[in-house]
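Position one of the sequence shown corresponds to residue 2 (my numbering), numbered consecutively onward.
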Amino acid sequence: MQRFTGVRTMGLIKSVLFVIAGIMVGSYVLNILIHPGDALPRNARMGEWRNAQVRPACYEALEDLGDPQLPKLPAGPHHIDFGDFSRAVQLTAASNCYVVTQRDAICDPANRAWIVDYLGKYFGKMDDMLSAARRHGEPEVAKVRELWSSYRNRAITYALDNHIRDGRLIKADFGWSVPKALAPMLERHAGAVDRCPVRTAGR
């Protein structure tokens, strides 16, 4: 009888531990879904994204969404959702500020973490829109590519290639979530020396 009770007790303990583990894993996954930046690497290069100063520095850019050099809806018939278009404009305005206007911000670990996380959103939206466009054929894909080829988008691509060439962004910064569009640049400049200014104590 005692042995049977002991087996039941062990079974109950295992069940409780299983439930607790499930709750912990579920909480972690939920947090990552809400805050993808928490899944990024943590090391000397990658700081706490919540402490990024580049975000408030670029608030003004997000207030100027009438900038004529931001993406525009293409002429002629298309199936581009206006909500997706608005998000593309917002992501482009912010990303342009983070990597073009605030060029050296990426050298700060907290800023780098924020920028890497935001680039995931930028390229993720681009990929989502291209994927949706493929259901309507190549002409629709061309329309979406046109939308994502504004002056600001091209400036972002140029700046990112320079940042990667100068070792300011490396593949390891993205962990397991390297944007497909950046993979060729990261491979081309693999092993690049970090050319960020040397940070001194208190900076």
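Here a beta-carbon is modelled for each residue, glycine too, at the ideal position from N, C-alpha and C.
In this structure, the CA atom of residue 176 is about 34 Å from the CA atom of residue 80. Measuring C-alpha to C-alpha distances from residue 104 to each of 185, 191 and 156 identifies 156 as the nearest. When DSSP assignments are scanned along the segment 39–65, the uninterrupted stretches of alpha helix (DSSP H) that are 4 or more residues long and fall wholly within it turn out to be 55–58 and 60–64. Proximity of the segment 45–61 to the segment 108–116 meets the contact definition, three or more beta-carbon pairs being nearer than 8 Å. Per DSSP, reduced to three states, the secondary structure at residue 142 is helical. About 11 Å separates the CB atoms of residue 107 and residue 101; that is not less than 8 Å, and the two are not in contact.
Linking residue 144 to residue 73 through their CA atoms gives a straight-line distance of about 10 Å. In the assembly as shown, residue 183 is a buried residue. Its beta-carbon has 16 or more other beta-carbons within 10 Å. In this structure residue 124 is buried. Its beta-carbon is surrounded by 16 or more other beta-carbon atoms within 10 angstroms.
When the beta-carbon positions are compared, residue 71 and residue 94 come within less than 8 Å of each other. When the five nearest sequence neighbours on each side are left out, the beta carbons in the same chain lying within less than 8 Å of the beta carbon of residue 161 are those of 100, 120, 170, 183 and 186, in order along the chain. DSSP, read as helix, strand or coil, puts residue 76 in coil.
Residue state for residue 177 is assigned as coil, using DSSP reduced to three classes. In the structure shown, residue 197 falls within a coil segment according to DSSP collapsed to helix, strand and coil.
Rounded to the nearest angstrom, the Cβ distance from residue 196 to residue 110 is 16 Å, too far for a contact under 8 Å.
For residue 153, the number of other beta carbons within 10 angstroms of its own is at least 16, and it is reported as buried. Residues 193, 194, 195 and 196 of the same chain have their beta carbon placed closer than 7 Å to that of residue 168, with the five preceding and five following residues left out of the count.
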